[in-house]
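Residue numbers (this note's numbering), protein chains in the order written: chain A, 134 to 373; chain B, 734 to 951.
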Amino acid sequence: MATRAALLAAALLLTACATGPNANPHDPLEPFNRSVYGFNDAVDRAVIKPVATAYRDALPSPVRTGVSNFFNNLQDLWSFVNNTLQLKAEGAGNSIVRFGVNSVFGLGGLIDIATEMRIERHPEDFGQTLGRWGVGAGPYLVVPFLGSSTLRDTAALPVDLKGNVVSQIDDVPVRNSATVLNLVNRRSELLDASRMLDEVALDPYTFTRDAYLQRRRNQVYDGNPPDDDQAVPTSDTTVQ
Amino acid sequence: MKRRFLLSSLPLIGFVLLGLNGGSVWAADEAPDALIQRMTKESIDLIQSDKGVQAGDVTRIGQLLDQKIMPNLDFARMTASAVGPAWRQATPEQRTRLQVEFKTLLVRTYAGALSQAKNLTFSIKPMRYAPDDKEVIVRTLIQGRGDPVQLDYRLEKTPGDGAGWKVFNLNVLGVWLVDTYRSQFSQEINAKGIDGLIAALAERNKSNAAGDTKASKG
Numbered sequence: 134m135a136t137r138a139a140l141l142a143a144a145l146l147l148t149a150c151a152t153g154p155n156a157n158p159h160d161p162l163e164p165f166n167r168s169v170y171g172f173n174d175a176v177d178r179a180v181i182k183p184v185a186t187a188y189r190d191a192l193p194s195p196v197r198t199g200v201s202n203f204f205n206n207l208q209d210l211w212s213f214v215n216n217t218l219q220l221k222a223e224g225a226g227n228s229i230v231r232f233g234v235n236s237v238f239g240l241g242g243l244i245d246i247a248t249e250m251r252i253e254r255h256p257e258d259f260g261q262t263l264g265r266w267g268v269g270a271g272p273y274l275v276v277p278f279l280g281s282s283t284l285r286d287t288a289a290l291p292v293d294l295k296g297n298v299v300s301q302i303d304d305v306p307v308r309n310s311a312t313v314l315n316l317v318n319r320r321s322e323l324l325d326a327s328r329m330l331d332e333v334a335l336d337p338y339t340f341t342r343d344a345y346l347q348r349r350r351n352q353v354y355d356g357n358p359p360d361d362d363q364a365v366p367t368s369d370t371t372v373q
Numbered sequence: 734m735k736r737r738f739l740l741s742s743l744p745l746i747g748f749v750l751l752g753l754n755g756g757s758v759w760a761a762d763e764a765p766d767a768l769i770q771r772m773t774k775e776s777i778d779l780i781q782s783d784k785g786v787q788a789g790d791v792t793r794i795g796q797l798l799d800q801k802i803m804p805n806l807d808f809a810r811m812t813a814s815a816v817g818p819a820w821r822q823a824t825p826e827q828r829t830r831l832q833v834e835f836k837t838l839l840v841r842t843y844a845g846a847l848s849q850a851k852n853l854t855f856s857i858k859p860m861r862y863a864p865d866d867k868e869v870i871v872r873t874l875i876q877g878r879g880d881p882v883q884l885d886y887r888l889e890k891t892p893g894d895g896a897g898w899k900v901f902n903l904n905v906l907g908v909w910l911v912d913t914y915r916s917q918f919s920q921e922i923n924a925k926g927i928d929g930l931i932a933a934l935a936e937r938n939k940s941n942a943a944g945d946t947k948a949s950k951g
């Protein structure tokens with residue numbers, strides 16, 4: 134597979150230029166990642182978080198739920214494509230039915246009727262599709278503005294962006310407004326969680342990285358990843 | 734979804750731990766999934782009836798933890814596992830301090846979380862385990878606002894009769910709690926030793942407590 138070869142080449146290249154003598158084998162790009170993380174954090178504190186806070190305070194909860202539902206509905210369509218690519222019949226069926234029901238009966242996706250009908254969401258993106266077919270995650274990578282990712286998922290990003298209905302809108306101001314609205318709304322959902330991260334993490338960078346990598350792996354395996362030495366505490370760390 | 738941080742999982746960790754609230758008496762042969770089932774139900778009832786918990790009252794949540802949750806957790810094992818190989822070199826006094834500080838840090842996670850836990854329902858996924866299994870995973874799904882949340886518990890069978898099963902790791906949305914602390918702990922230990930880790934935890938707890946008194950709004 135050409136994609137796979139290209140990913141591998143890119144991985145080797147990136148690894149080669151960033152690996153130092155003290156490199157963490159689980160995070161070979163750590164020095165680079167930390168500086169991007171610092172940049173993202175500064176941007177977040179200066180601009181994104183204040184905007185998201187203002188957004189949350191200004192709009193009543195039902196309106197914000199409607200915004201979330203609307204973008205989730207568009208995402209369900211892309212999940213349908215990726216479930217199909219992964220040969221996941223149930224996920225594909227649920228995703229397309231959800232999209233149909235919510236678009237038609239839920240005022241274009243503003244109301245999430247499908248969840249009320251107990252049709253579960255099965256979110257899948259192109260990075261997960263690659264993972265499903267055996268493409269390894271590659272090193273952890275922090276992307277400017279977007280945050281935690283891996284080499285594989287960053288390579289999949291252009292495809293995911295193309296698959297996002299919002300990016301297909303021809304009218305530039307409308308497209309940009311929709312993109313900003315989506316991002317601000319997502320960030321507003323995470324305000325409590327990010328405050329908590331500041332409080333419970335000894336090192337927010339490491340905390341975010343370890344949690345992200347575990348969660349991403351879990352998504353690729355649909356909540357049922359095989360055991361590995363990361364997930365199972367070994368007996369020699371047990372008391373007595 | 735991709736870039737939706739696992740951050741969104743943090744608030745639920747608190748709920749999970751509250752899920753460990755068991756009664757003081759339990760049958761020796763209670764199955765692990767039955768145990769989680771009962772605990773989750775009791776804790777949902779508790780959350781919904783306790784005003785202090787809903788307001789995110791840290792002191793109140795600390796009380797609940799001590800009385801009801803801690804007996805059902807193998808907290809020594811959780812701490813040991815998060816600390817890693819250095820645990821074996823730690824003195825008994827250091828071990829105690831690590832547990833105390835780690836627990837305080839985790840209580841922090843619950844406080845904000847529990848106030849958000851409203852209108853929850855849950856389901857337990859079918860599990861299979863052999864009678865002689867020493868460790869099992871119980872998987873549950875919590876449905877509140879928004880997407881359902883995957884919560885898994887790793888339990889061990891404690892030796893002897895009547896002691897039953899104890900939880901030693903929790904998974905929220907695919908993230909094992911203890912594992913998420915492991916690298917951070919080993920960073921501190923490598924840089925400043927076990928006492929350095931204890932100091933870092935204590936410092937974090939102190940600044941959290943200071944933040945509480947400064948801005949104690951609901």
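For each residue, glycine too, the CB sits at the ideal point set by N, CA and C.
None of the values given here were measured: they were computed from a predicted structure.
Please decide whether residue i counts as near chain B, where near means a Cβ-Cβ distance under 8 Å.
i: residue 262(A); result: no
What residues from chain A crowd round residue i, counting only those whose CB sits closer than 8 Å?
i: residue 920(B); result: 335, 336 and 339
Please report how far the alpha carbon of residue i lies from the alpha carbon of residue j, in whole angstroms.
i: residue 177(A); j: residue 881(B); result: 27 Å
i: residue 254(A); j: residue 300(A); result: 22 Å
i: residue 367(A); j: residue 813(B); result: Confidence in residue 367(A) is poor, its pLDDT being 35 and thus under 50, which makes the residue's placement unreliable; the coordinate value appears in the next sentence. About 10 Å.
i: residue 928(B); j: residue 922(B); result: 8 Å
i: residue 220(A); j: residue 824(B); result: 54 Å
i: residue 828(B); j: residue 934(B); result: 13 Å
i: residue 297(A); j: residue 211(A); result: 7 Å
i: residue 856(B); j: residue 786(B); result: 23 Å
i: residue 891(B); j: residue 278(A); result: 47 Å
i: residue 792(B); j: residue 323(A); result: 25 Å
i: residue 901(B); j: residue 865(B); result: 18 Å
i: residue 159(A); j: residue 346(A); result: 10 Å
i: residue 758(B); j: residue 327(A); result: Reliability fails at residue 758(B), whose pLDDT of 46 lies under 50, so the model's placement of it is uncertain and the value that follows must be treated cautiously. Between residue 758(B) and residue 327(A), the C-alpha separation is close to 38 Å.
i: residue 348(A); j: residue 267(A); result: 17 Å
i: residue 917(B); j: residue 334(A); result: 8 Å
i: residue 168(A); j: residue 174(A); result: 10 Å
i: residue 954(B); j: residue 803(B); result: Nothing about residue 954(B) can be read from this structure; chain B reaches only from 734 to 951.
i: residue 311(A); j: residue 904(B); result: 34 Å
i: residue 269(A); j: residue 285(A); result: 7 Å
i: residue 925(B); j: residue 910(B); result: 23 Å
i: residue 836(B); j: residue 259(A); result: 39 Å
i: residue 198(A); j: residue 867(B); result: 44 Å
i: residue 771(B); j: residue 778(B); result: 11 Å
i: residue 251(A); j: residue 831(B); result: 44 Å
i: residue 355(A); j: residue 302(A); result: 31 Å
i: residue 248(A); j: residue 205(A); result: 12 Å
i: residue 862(B); j: residue 764(B); result: 10 Å
Find the residues of chain B that neighbour residue i, judging by a C-beta separation of less than 7 Å, and give them in chain order.
i: residue 332(A); result: 841 and 941
i: residue 351(A); result: 907
i: residue 356(A); result: 883 and 907
Residue i versus chain A: which residues are under 7 Å apart at the beta carbon?
i: residue 908(B); result: 344, 347 and 348
i: residue 933(B); result: 335
i: residue 916(B); result: 339 and 343
Hey, could you find the ends of the beta strand (DSSP E) residue i is sitting in?
i: residue 280(A); result: 280-283
i: residue 354(A); result: Neither: residue 354(A) is in no beta strand (DSSP E) and is coded neither H nor E.
i: residue 854(B); result: 854-857
i: residue 905(B); result: 898-905
i: residue 872(B); result: 868-876
i: residue 887(B); result: 882-890
i: residue 273(A); result: 273-276
With residue i as the anchor, note down where its alpha helix (DSSP H) starts and where it stops.
i: residue 784(B); result: 784-787
i: residue 228(A); result: 222-238
i: residue 216(A); result: 194-218
i: residue 188(A); result: 182-191
i: residue 329(A); result: 324-333
i: residue 796(B); result: 791-797
i: residue 164(A); result: 163-176
Starting from the beta carbon of residue i, find every residue of chain A whose beta carbon is closer than 9 Å, and list them in chain order.
i: residue 853(B); result: In chain order: nothing, as chain A lies at least about 15 Å away.
i: residue 838(B); result: 332, 333 and 335
With a cut-off of 8 Å on the beta carbons, I'd call residue i and residue j a contact; round off their distance for me.
i: residue 157(A); j: residue 275(A); result: Not quite, the Cβ-Cβ distance comes to about 14 Å (not below 8 Å), so this is no contact.
i: residue 888(B); j: residue 869(B); result: 6 Å
i: residue 189(A); j: residue 321(A); result: 4 Å
i: residue 834(B); j: residue 938(B); result: 6 Å
i: residue 307(A); j: residue 184(A); result: Not confirmed; about 19 Å, so no contact.
Tell me, please, whether the CB atom of residue i is closer than 8 Å to any CB atom in chain A?
i: residue 937(B); result: yes
i: residue 773(B); result: no
i: residue 913(B); result: yes
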